[in-house]
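K.L.:
Structure below; questions to follow.
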Amino acid sequence: MQTQTTQSKHIADIIQVMQGGIEFYQEAKDKLQGARYQAFFNRMIDAKREAVDDLQPFAIAEQGYAELDTDNLVKARQTYTKLMAKLSDNKAFTYVDQLEEVEDKVLDEVDTALEKPQPQSCEVTLQRVKVRMKECHDEMKALQTAEQH
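If you count the sequence shown from 1, position 2 lands on 2 in full-length UniProt numbering, and the numbers rise without skipping.
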């Protein structure tokens, strides 16, 4: 007999990565001008904010409070990108390349959470978030490919 899981797991980690991604996209918007980037980055920010809002109740259930922090690896990637952009002839590619890596990390974190037993409502929310984050990843991958040429 399978018992129903009542405790969400790994949700706060996902939120930290997404919040780090939001900060990183905000910075990229400030550094890369042009309507193409602004609209694109705004879509990515909006998708992550919506996912954080959807996941936050599960983070509260998991740890007893809302997750407001950001992931240290995303912060490190952001710092690295600032430095590389100063040295690079193609600042846009540098940002897009690193943001695509953040999208990979988001998907990895969602997959990690989905591998754990979750309450049904959390599982459904994670599946929905995964679909949207996969769309974001694919869009970022397409932009990365376009920036290479």
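Every residue, glycine too, gets a C-beta built ideally from N, C-alpha and C. All values reported here derive from a predicted model rather than from experimental measurement.
1) Compute the Euclidean distance between the alpha carbons of L32 and Q38, then round it to the nearest angstrom.
2) Secondary structure at G20, three-state DSSP: helix, strand or coil?
3) What are the start and end residues of the alpha helix (DSSP H) that includes S88?
4) Assign S8 to buried or exposed, taking buried as 16 or more other Cβ atoms, counted over all protein chains shown, within 10 Å of its Cβ.
5) Mind checking V124: buried by the 16 CB within 10 Å criterion, or exposed?
6) Sort M18, K134, D138 and D111 by Cα distance to V52 and report the nearest one.
7) D104: beta carbon under 7 Å from a heavy atom of the ligand SAH?
8) Measure the alpha-carbon distance for I14 versus Y25 and round it to whole angstroms.
9) Please report the distance separating the alpha-carbon of L107 from that of S121.
10) Using only CA atoms, which one of K116, A28 and I60 lies nearest to M140?
11) Considering only residues of the same chain and omitting the five flanking positions on each side of A12, which have a CB-CB separation below 7 Å?
12) Between the region 77-94 and the region 127-139, are three or more C-beta pairs nearer than 8 Å?
P.N.:
From the atom records:
1) 8 Å
2) helix
3) It is not in any alpha helix (DSSP H) - S88 carries neither H nor E in the DSSP assignment.
4) buried
5) exposed
6) M18
7) This structure lacks the ligand SAH; in fact it carries no ligand of any kind.
8) 16 Å
9) 19 Å
10) A28
11) A59, E62, Q63 and E67
12) no
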